[in-house]
Structure formats: structure tokens, C-alpha cells
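Notes for the one structure printed next.
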Amino acid sequence: MKKMNLTLKCILVMSVIAIVSVALLAVANTFLVPAKSSGLNDKVIARLQTFCPADSYNDLTDTYADEIEKFNSENGDNYSKINGVYSAVGGDNDGNNIIEADGPGFQSGIITMLIAFNGETISGIGNRTYDTKNTYWKDHVEPNWDNVVNYFVGKSDLGSASGKDLNTGATLSSNGILKAVRLAIDFNKNINGNVQKPEPEEVTDSDILEKLKAMTNSETFIKYPYKVNQQVNCVYVDNTGSVIIDALGAEGSFGGCNLLVMVDASSKTVLKVTPIRMDYQVYGEYDASGLDDPDVLTNHFKGKNISDIDAMEKYLSPATGATESSTGLKNCIKNALKNIDGFLSSEWGSEVQTNE
Amino acid sequence: MLLSIVSIVIAGLITNNIVLVQSWGMCPYLGVSKKTNSAVGMGLAVTFVITLSSIICWLLYNYMLVPLKLEYLQTIVFILIIAVLVQIIDIVLKKFSPSLYNALGVYLALITTNCAVLSTANNSINSDFITMLVTAITTGLGFLLALILMAGIREKSELSKTPKIFQGFSIALIIAAIMAMAFQGFSGFNIDVGSYKLMMMGGALWL
Amino acid sequence: MSNKMLLNKRIIKKTALGGILENPVFVLVLGMCPTIKASTNITDAFALGIATTFVLICSNVIISLFRKFIPDQVRLPAYIVIIATFVTIVQLFLASLLPDLNQSIGPIVAMIVVNCIVLGRAESFASKNSVLLTLIDCTSMGIGFTLSLLLMGAIRQGLIALNFSIFSTTAGGFLVLGLLMALFNFIMMTVEKRKMQKSRAGLNEEVE
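Protein chains in written order, with the numbering used here: chain A, 119 to 474; chain B, 114 to 320; chain C, 88 to 295.
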């Protein structure tokens, strides 16, 4: 009897100690968030010198603090945001901006990139840090860094690029880099004074125009800058009142996508789908590449509303086992359907309805 | 790959020796290095613990702590693993090799508080599996090497006359200092002339 | 009644001076690793000393508080978890609020959990004594440790500034510590000798 008491007591005491300790640490951990290295220090300056040489650099992060906060709340999240702005002083790059932006990395890590701009064109790119758990970076991105640099330098828009285009073999990290660079490009436009209050305008981008024409047989489209953070980029309407939503979707690491979804406003069902960008990865048998096709997607989603989509199977053929990609696509379509009412009741939506 | 393994081995054994260059593991080092036999036994035991604990800690960290976002429990989990490992070795040695068990005595339990073990475990999570494995094994062997060398010198110095104030740990530390200089010197470290002169004077005085 | 009070005062005095008479670094020869690693300059030395003292006091007071509730069999794992908890708190604090300091002493702070001083005092003192005595003992030990670190830190920083670069390496650390130990021994021996001479003189007086 006494022996059992002792063993029980031991277990009880150890459990109490363990629980109290873990609880205490969990509380401490939530309050004591590790400070991220930020701003200009010697390491960063040395890095800047390698791709944007200058006599010195100014830290403009405080000057643009308000813009950064606004931009981040509209476009960023915990893993992707703008961190800082620096400007090069003296030398060939005098006056150029360098934007520091975060993108999501491997295993919930963060990739911090430094992107140098000449006006609105990327003139150089480097990384500030990467998560040290990230052997993928060391093994894949770093050896192929030239590919990465060559890809970005000279571009002022990334269009529908996705991680595979960087040719590093580390698609996830590449997607993270892309996200950071996209944010940097947009933010750079902001502070270069190029963003006024957005107005609806006629679509001129040939890629998008081609896709839109294939969906409705119309010739002209108006782009309405109706934006819902991480759900809707903008809305296109043709001269017959057909509404095509430029929607975003995400799920895990492989489900990011950007689709054009033509929606029937009254029944809130899908009419047609055309992909702009899909962040899937071909990984073993998880091959979602077959879904990157307007006919395949339209077949899957035509006539469905939100509850129909929720009732769809876990992965969409021809993909087998690419659950995240399939879920990401479904999320994207749902985002379009969710926001059709919001668009129609917005200041621009009323314009559209009177057209019909 | 082979070249990086070779460089890890050389670093672990000499140029980045855990005791003489990184100065982890001093307490047991000074304690056990008096006799060569116990030094060898201790060194092998420590190598075993470092290797096994690094592997287990690496696996637990990457496949349990990180996915569950419990990285802040790293210290507690790692030291408990080491303590449990040492306890297991204690029981196993007692049963299968009582002579070694007795030779190590209290220092077996002290492997738990050996900074070298926890330090290697903490660094293991920064590498991939193979690098971690090679680093762990060579770190342990580096410890063994430093122990054997120290034991050899101390056994001899016991026979010569040492001034009373230097007896015990003081002289051990000075010997360690000279060895550390040698080990570090292999990595091309530049000791300035002034320090050299000081060392020569001190050495001459002692002799 | 007054005898007991006298005894208590003596014990308190002895415990309070433990940091010097039983200096963890120079006498007990515990906590070697951080002494070598963190003594290259005064800032590191001071920071590590304070961190260690914090863990020492917090963990040992708790252990002393609950010493009657912790069964002997689970003594060590219990102490280890308690100590490790406080070490983690210090680590989180450093990483969050003092990131620059964290760069230099981060890995060393992580080793406080295996610092022989903390576990050693828990085993030998906190598990057997009242909370008040433990508090005094730990404060004294902690201060003693910090002062020893500061001493080494000052010496090494001074020597490095005089361009003896060897003292920024481990070898230099060993050397300084070894010499300081010899010095400490010398002082202790001299004090002992004087004490013996005094008592012998006292004895002689009595005889005469």
C-alpha cells in the first residue's frame, strides 16, 4: 500500500511541476516575442553593397511608417509584409529605393528580402535573413541564386509568375520570395507617388484582355478597383454587364492561386473559370498541374454555389492527393462568390447594375 | 560531401575542439583527467551520450516541437532527454560492466551536467541529419582526445614538484591553457608577439 | 533561548559569507564553463552573472519551499525541470528585449541549466534548509559568482585592450583563471597561517 502511495505521489508531483512549468512558459512565450533584427546594421549594409552599391544608405522606415502600416494592413499578414525602406546615397544608384519585405518560408519561417528599385524597375535583389531551420534555402536557393537574380532584375511587374519560374527546386521558398517581391513592387509604387485614388479604367493588359475575351466574347472590359484583402484583387465587367471577379485563394503551402471567375450575380453561381496563377507544386504523385486549365476548372465549378462547392470531393481530378491545391482552388472560387454582393452594393456596383 | 565531412572531423577533433577551443565541458574535464584509464572510459561514455542525445533531440525538435510550435520548450525537453539517457546508461553499466561503472563513480551522473552534451544538442538543430551526426560523433571524440592528452600530462606532473598554491586545479588550468593554444594554433590563429613572450617567461619560471 | 538566537545568527552570517569563503568559482570549482566563456569583457560577465543569480535564487527558493513535497526518487528530474523553466524564461526575456546581448551570451545562458552551481546548491542546500536561509545562500553565491566573473572580465578586457590578443581566446581564459586560483589559494593560505599564529599566541598567553 505504502509503495503504491509513493509511486503515485512521484507521478503526481512530476505532473504538477511539468504542467505548471509548461503553462508558465507558454504565457511567457506569448508575451516575450523574439525581437527581429531590423533597420540598417553593418550586416545589412554589407549585403546592400553587393547588389545596390552606394556611398551610404538612409533608413527611411520611420518617414514612411504610416504608409507601411496602411499597406501592411491592406495587403499583408503575419508572414508577408513590408518591413522597411532604405535609400541609396551617392554613386550610380543615388536616390534608388530599397524595400525590405517579408515572405513566408519553410516550416512557418519568414524570408526577408531586400529589393532595390530604379524607379519602378527592380535593379537588384538580396536576402536579409532566412530562417535558420531552412536547409532548403541553403541547399537549393543559395546555389541557384544567380537564377533568382536574373529572373527579377529588370522587371517591374511579376504578372502571373509562380515559384517554379525561379528554377531553384525549392518552390516553397521561391513562392515566399515572390510574395515578398510582389509586396515590394506594389509598395514602391505607393511611395513613388504613383498611386492615386484608384478609378475604374478600361482594361489594356493584353494577357488579361485575352483571357477575358475568351470568357465572354466581348471586346471591351472595365476594371473596377474593388479590393477585398486576400480575397478579391479587382472586378472586370464587360459591356453586357457580365461580372468577372479576379479572386485569390490560399490553402497551406501549395494552394495559393489567382483565378478569373465569371459569376452569375442573381443565382450566385459560377459560370466560367480561367486561371491566372496557381502556386501548386508537382511533388511525387501530388500532381495538380492538370488543374491549371480553364476547361478543366470550368467543368468542375460551373453552376455551383458556395454550398455546392463545400460538398465537392477532397481533391479535384485529374489531381490525386493534391488536397491543398484543390482546397485552395475551392477557396478562391468561394471568395469570388462571397464577394459578388459586396461588389454590387459598392459605389461601382450600382454602375454595373444600371447597365444591365 | 566527403570534403565537408573531412572538414567537420578536423574541426571537431582539433581546430574547434569542444573542450580546448570552445571551452564546453570544463567541470568533468578537470575532474576526470587525473588518470588515463578513467579518462578513456569517461571520454567514450561522453561520446556515446553526445551522439545519442543529439540524434534524439534533433528528431524530437524537428518532428515534434516545431510542428506543434512548442520551440520554447527546447531547454526543458533537451535536458530531460540527456538526464534520462544518462540514467539508462547508469543502469546498463551497473549491470554489464561494473568495473567501468566503479571507475567512473560519481562522474557518470555528472555527464548530465556536462555542458558539452547540451551544447552539441542545441547546435544540432541547425544542421541536416548527416552533418549533425558527424558533428556529434567527432565532438565526443574530440572530448576524448583532450581528456587523454590532459591525463597523460597530469599523471607526469603529479611526480614533479609543484608549488603549493598551484596544486590541484590551478596547474591543471595552466596546462589546459598551453594545450588550448596548440589546438587553436592549427586553425591559423595569430598570437601576437607580446603574448608569446609572456608564455615563454611563465613556462621557464615553472620549469 | 538566547543560545538558539546566537546559533541562528552565526548560521546566517556563515551562509551570507558563503559567496566569498566558499566562492563557487575559486573554491568549489563549479560553473567553469560560463566563467571561461563569458569573461572576455565586463558587460558579458555582468549579464551572465545576473542571469545565473536570477535562476539560482528563483529555482532554489521554489525547491526549498516545496522540499517536503518532492519525493526523493524524483528529486533530480523535478529540480531539473524547475531550473530549466527559469532558464527558459531568461532566454525568452533576452531574445525579446535584449537581442544584442543575446547575440553574445545567448548560447551561454542556455547552459545555466547545467551549471553545477545551480543544481549543486539545490541538491546540497535548498533541499535541506528553510526558505530564508536558502534565499541568503543563493544571493550570496550568486553575488560571489558575479563578482568572480567581473574580476576575470575586467582582467581579460584590460589585457585585450593592451593588445595581448591571446586573452580573448579560450587559452587565455584558462590561463587567467588558473593564475587567479593560485592567487586565491595564496590569500587563503596566508589568512589561515595568520589565524594559526594568532591562536598559538593566544594559547601561549594562556599557558604563561
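Note that beta-carbon positions come from the ideal geometry of N, C-alpha and C, so glycine has one too.
- Query: Comparing alpha-carbon positions, which option in B:Thr149, B:Gly154, B:Thr164, B:Leu115 lies nearest B:Thr248?
  - Reply: Numbered from 1 along the second sequence, position 135 holds the residue referred to as residue 248 of chain B. Minimum Cα distance to B:Thr248 is reached at B:Thr164.
- Query: Are the segment 269-277 of chain A and the segment 383-390 of chain A in contact at 8 Å, needing three or more beta carbon pairs?
  - Reply: In short, these stretches do not touch, since the Cβ pair count stays below three.
- Message: As an exercise, report each continuous alpha helix (DSSP H) stretch of at least 4 residues that is fully enclosed by the segment 258-310 of chain A, in chain order.
- Response: Segments of the alpha helix (DSSP H) lying fully in the segment 258-310 of chain A: 263-270, 289-309.
- Query: What are the start and end residues of the alpha helix (DSSP H) that includes A:Ser191?
  - Reply: Stepping through the first sequence from its first residue, residue 191 of chain A is reached at position 73. Following the DSSP letters along the chain, one finds A:Ser191 inside the alpha helix (DSSP H) bounded by residues 183-193.
- Query: When the cut-off is 9 Å and only beta carbons count, does A:Asn262 lie next to chain B?
  - Reply: Mapped onto the first sequence, residue 262 of chain A falls at position 144. Cβ-Cβ to chain B under 9 Å: no for A:Asn262.
- Query: So, is the C-beta of A:Val151 closer than 9 Å to a C-beta in chain C?
  - Reply: Walking along the first sequence from the start, residue 151 of chain A turns up at place 33. It does; some Cβ of chain C falls within 9 Å.
- Message: Taking only three categories from DSSP, how would you classify A:Lys331?
- Response: Mapped onto the first sequence, residue 331 of chain A falls at position 213. Looking at A:Lys331 - three-state DSSP - the assignment turns out to be helix.
- Message: On the DSSP letters alone, give me the boundaries of the alpha helix (DSSP H) that B:Glu268 sits inside.
- Response: The count along the second sequence starts at 1 and reaches residue 268 of chain B at position 155. Here the alpha helix (DSSP H) through B:Glu268 covers 242-272.
- Query: Which residues, taken in chain order from the segment 136-168 of chain C, show a beta carbon closer than 7 Å to some beta carbon of chain A?
  - Reply: Taken in chain order, the members of the segment 136-168 of chain C whose beta-carbon sits within less than 7 Å of a beta-carbon on chain A are Phe156, Ile157, Pro158, Gln160, Val161, Pro164, Ala165, Val168.
- If you draw a straight line from the alpha carbon of B:Leu115 to that of A:Thr286, how long is it in whole angstroms? As a first step, residue 115 of chain B must be located in the second sequence, where it is residue number 2. As a first step, residue 286 of chain A must be located in the first sequence, where it is residue number 168. For B:Leu115 and A:Thr286, the gap between their C-alpha atoms comes out near 24 Å.
- Task: Kindly indicate which three-state DSSP category B:Ile294 falls into: helix, strand or coil?
- Result: Numbered from 1 along the second sequence, position 181 holds the residue referred to as residue 294 of chain B. One detail in the question is off: residue 294 of chain B reads as Met in this sequence, not Ile. It is helical.
- Query: Looking at A:Thr239 and the ligand MN, is the gap between the Cβ and the nearest heavy atom below 8 Å?
  - Reply: The ligand MN is absent from the structure shown, which contains no ligand whatsoever.
- Check the Cβ-Cβ distances between B:Tyr142 and every residue of chain A, and say whether any is below 9 Å. As a working mapping, residue 142 of chain B is identified with position 29 in the second sequence. No, no contact with chain A.
- Task: Work out the CA separation of B:Cys170 and B:Phe242 for me, nearest whole Å.
- Result: Numbered from 1 along the second sequence, position 129 holds the residue referred to as residue 242 of chain B. Numbered from 1 along the second sequence, position 57 holds the residue referred to as residue 170 of chain B. The alpha-carbon atoms of B:Phe242 and B:Cys170 are separated by roughly 11 Å.
- Message: Tell me the DSSP secondary structure of B:Asn130 in three-state form.
- Response: As a position in the second sequence, residue 130 of chain B is number 17, starting the count at 1. Here B:Asn130 carries a coil assignment [DSSP, helix/strand/coil].
- Query: Does the beta carbon of A:Asn147 sit closer than 9 Å to a beta carbon anywhere in chain B?
  - Reply: As a working mapping, residue 147 of chain A is identified with position 29 in the first sequence. So, interface residue.
- Message: Going by DSSP in three states, B:Val145 sits in which element: helix, strand or coil?
- Response: Sequence index remark: in the second sequence, residue 145 of chain B carries index 32 (1-based). Reduced to three states, the DSSP call for B:Val145 is helix.
- Which one of B:Ala290, B:Ala293, B:Gly125, B:Thr226 has the shortest CA to CA distance from C:Pro164? Taking the third sequence and counting its residues from 1, the one referred to as residue 164 of chain C is at position 77. Considering only alpha carbons, the answer is B:Thr226.
- Query: Hey, does A:Val267 have any beta-carbon neighbour from chain C nearer than 9 Å?
  - Reply: Position 149 of the first sequence, counted from the start, is the residue given in the question as residue 267 of chain A. No, A:Val267 lies away from the interface with chain C (no Cβ there is under 9 Å from its Cβ).
- Task: Report the partner residues of B:Tyr174 according to the DSSP bridge assignment.
- Result: Taking the second sequence and counting its residues from 1, the one referred to as residue 174 of chain B is at position 61. DSSP, once it has assigned bridges, lists no residue as partnering B:Tyr174.
- Any C-beta of chain C sitting closer than 9 Å to the C-beta of B:Lys277? The count along the second sequence starts at 1 and reaches residue 277 of chain B at position 164. Residue contact check for B:Lys277 against chain C: a CB pair falls below 9 Å.
- Query: If you draw a straight line from the C-alpha of A:Lys157 to the C-alpha of A:Gly202, how long is it?
  - Reply: What you label residue 157 of chain A is simply residue 39 of the first sequence in a count that begins at 1. What you label residue 202 of chain A is simply residue 84 of the first sequence in a count that begins at 1. The sequence given here places Gly at residue 157 of chain A; Lys does not occur at that position. Going by the C-alpha atoms only, they are around 7 Å apart.
- Note down the Cα distance separating A:Cys128 from B:Ser210, rounded to an integer number of angstroms. Your numbering for residue 128 of chain A matches position 10 in the first sequence. Your numbering for residue 210 of chain B matches position 97 in the second sequence. One C-alpha to the other measures close to 30 Å.
- Message: Helix, strand or coil, according to DSSP, for B:Ser136 in the structure here?
- Response: Taking the first residue of the second sequence as position 1, residue 136 of chain B is located at position 23. In the three-state scheme derived from DSSP, where H, G and I count as helix and E and B as strand, B:Ser136 is classed as coil.
- Item | Rounded straight-line distance, which links the Cα of A:Ala429 to that of A:Thr322 | Locating residue 322 of chain A in the first sequence gives position 204, where the first residue counts as 1. Locating residue 429 of chain A in the first sequence gives position 311, where the first residue counts as 1. Using only the alpha carbons, I get a separation of about 38 Å.
- Compile a chain-ordered list of the residues in the segment 235-252 of chain B whose CB is closer than 9 Å to at least one CB of chain C. If the cut-off is 9 Å between Cβ atoms, the segment 235-252 of chain B has Asn235, Asn236 near chain C.
- Task: Answer yes or no: do C:Thr139 and C:Leu264 have a C-beta to C-beta separation smaller than 9 Å?
- Result: Residue 139 of chain C sits at position 52 when you count from the first residue of the third sequence. Residue 264 of chain C sits at position 177 when you count from the first residue of the third sequence. Taking a C-beta distance under 9 Å as the contact criterion, C:Thr139 and C:Leu264 do not qualify as a contact pair.
- Query: From what residue to what residue does the alpha helix (DSSP H) around A:Asn159 run?
  - Reply: The residue you call residue 159 of chain A lines up with position 41 of the first sequence. Taken as a continuous stretch (DSSP letters only), A:Asn159 belongs to no alpha helix (DSSP H), as it is neither H nor E.
- If you measure from the beta carbon of C:Thr172 to each beta carbon in chain A, is any gap under 9 Å? For the purposes of this step, residue 172 of chain C is taken as the residue at position 85 of the third sequence. Yes, C:Thr172 counts as interfacial toward chain A.
- What is the rounded straight-line gap between the Cα of B:Gly255 and the Cα of C:Phe261? Numbered from 1 along the second sequence, position 142 holds the residue referred to as residue 255 of chain B. Numbered from 1 along the third sequence, position 174 holds the residue referred to as residue 261 of chain C. Between the alpha carbons of B:Gly255 and C:Phe261 lies a distance of about 18 Å.
- Any beta-carbon of chain A closer than 9 Å to the one on C:Ala182? Looking up residue 182 of chain C in the third sequence gives position 95. Yes, C:Ala182 lies at the interface with chain A (some Cβ there is under 9 Å from its Cβ).
- Query: Are the CB atoms of B:Tyr162 and B:Gly218 nearer to each other than 9 Å?
  - Reply: For this step, residue 162 of chain B is matched to residue 49 along the second sequence. For this step, residue 218 of chain B is matched to residue 105 along the second sequence. What sits at residue 162 of chain B in the sequence shown is Val, not Tyr. B:Gly218 sits away from B:Val162, with the two beta carbons spaced by 9 Å or more.
- Item | Identity of the residues DSSP links to A:Pro393 by a beta bridge | In the first sequence, counting from the first residue as 1, residue 393 of chain A sits at position 275. DSSP lists A:Leu377 as partners of A:Pro393.
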